[in-house]
Amino acid sequence: MAEVSAATPVPEIRTVSVDGMLVSFGSRLSEPANRAALAFRAALAQESWDGVEEVSTSLVSAYVRFDLRHLDHAALRARLGTLLARRDWYAAELPGQRRLWRIPAVFGTELAPQLPQAAEAAGMTEAEAVASLSASRVRVQTIGFAPGQPYLGELPEAWDIPRQSQLTSRIPEGALAVAIRQLVLFSVAAPTGWMHAGQTAVRLFRPDAEEPFLLRPGDEVKFTPVTPEELQGLRRDPLGGAKAEDLS
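The opening position of the sequence shown corresponds to residue 15 in this note's numbering, with each subsequent residue numbered one higher.
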């Protein structure tokens, strides 16, 4: 395995239940750990090992589910170790077929009422907060919690703000919420402790589409400020005005 500095975590292979293994690239979120998880998951998919039934990622880990009739724990652990040793995954290129999405969003107003609270927590005026959030080009770090729902980051350090101590009982589909240097774009209406700072018209989960999840891990996203009136018009668009361009 590539030499790792003292500041860089060492990947760990862990058993998950009877038919799963998790390769973790860190104990907390960082750009290199997320990059490593995405790149390693893509490499696992390319290997196409007999007996591997599923590969997926979380923020800093790659998960493998396997069929015990074709692979045992020791054999899979050995293969994973060999694949890990091939390169420095923390410096790996991100997977191909990524896209840059530009998604219109209203920041603040009655549609996203917690922008003032989020801006204050970040030490910014509301205008500065909108400028910072709309200038940030964030990565889809993982999909989770609800179908097609992305965790996006990392934002500048000023956005290392805590989640709320009390839940907001419900924010709508398409809500853009912020905390801990991340944005979450909600695919369904849900309660949350994240601060509702923006609102989009995008539909992230389309069960009848060929690809039900609009965004993929590794995609990048920029949010373009629009007015509430403009957003209302975009609700007639199945993608809510979202547009993609290829990155690879």
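Where a beta carbon is used, it is the ideal one built from N, C-alpha and C, also for glycine.
>> Using a Cβ distance threshold of 8 Å, determine whether the segment 158–176 contacts the segment 185–202, with at least three qualifying pairs required.
In response: yes
> What are the residues that DSSP puts in a beta bridge with W115?
Replying inline: V235, A258
>> Between E45 and chain D, is the shortest Cβ-Cβ distance under 9 Å, so that the two count as touching?
In response: Of the protein chains in this structure there is only one, and it is not chain D.
> From K257 to W115, what does the alpha carbon distance come to, in whole angstroms?
Replying inline: 6 Å
>> Once the 5 residues before and after G255 are set aside, which same chain residues still bring their CB inside 6 Å of it?
In response: P118, L248
> Going by C-alpha distance, which of E45, V152, A56, A133 is nearest A143?
Replying inline: A133
> Who pairs with P164 in a beta bridge, going by DSSP?
Replying inline: I157
>> Just to check my reading of the structure: L147 and F237 have Cβ atoms closer than 8 Å, yes? What is that Cβ distance to the nearest angstrom?
In response: 6 Å
> On the premise that Y77 lies in contact with V30, defined as a C-beta separation below 8 Å, what is that separation, rounded to the nearest angstrom?
Replying inline: 7 Å
> Relative to the C-alpha of Q213, which residue among P127, R250, R177, L85 is closest?
Replying inline: P127
> Considering only residues of the same chain and omitting the five flanking positions on each side of L97, which have a CB-CB separation below 8 Å?
Replying inline: F54, A57, L58, E61
>> Please give me, in chain order, every unbroken run of the alpha helix (DSSP H) with length at least 4 that falls completely inside the segment 177–255.
In response: 242–248
> By DSSP, does E134 sit in helix, in strand, or in coil?
Replying inline: helix
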